[in-house]
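> This is the structure I have questions about; it appears just below.
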Amino acid sequence: MPKGANKKIKTQDFHEFDYIFGMDDDNISDLRDMEPPQSKAKILLLGDFDPEGQRIIRDPYYDRGSEGFEVCYQQCLRSCTAFLDQLK
């Protein structure tokens with residue numbers, strides 16, 4: 049997959065990946081609805097790992113200008129870094 053690309057979640061992903069992250073409560077609910085029996089993946093809210101405590105990662109698509117994208121990027125970066133640090 050090209051750098052920066054995204055993909056839709058498929059049923060097979062729940063057996064292939066260890067973790068699947070949602071950005072908000074609606075994402076988590078949708079993922080739980082898709083989750084097959086004997087799923088290997090843990091479904092987690094990415095923002096739960098944000099050291100600044102911002103649990104919900106807002107979709108910047110609905111914001112005006114580019115500021116929302118920067119805020120989203122920084123929150124994702126903090127959350128992913130903290131998640132990876134806990135795995136060490």
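When we follow the numbering used here, the leftmost residue of the sequence shown carries the number 49, and every step to the right adds one. Beta carbons are placed, not taken as given, at the ideal position from N, Cα and C, and that holds for glycine.
#1: If C120 and P108 are in contact, beta carbons under 8 Å, what's the gap, nearest whole angstrom?
#2: For F117, which three-state DSSP category applies?
#3: Can you check which of these residues, D61, R103 and E64, is closest to L93 by C-alpha distance?
#4: Look at the Cβ atom of K88, then the Cβ atom of F65, and state whether they are nearer than 9 Å.
#5: Near K90, which residues of its chain fall below 6 Å by C-beta distance, leaving aside the five closest residues on each side in sequence?
Taking the geometry as given:
#1: 5 Å
#2: helix
#3: R103
#4: yes
#5: Y67
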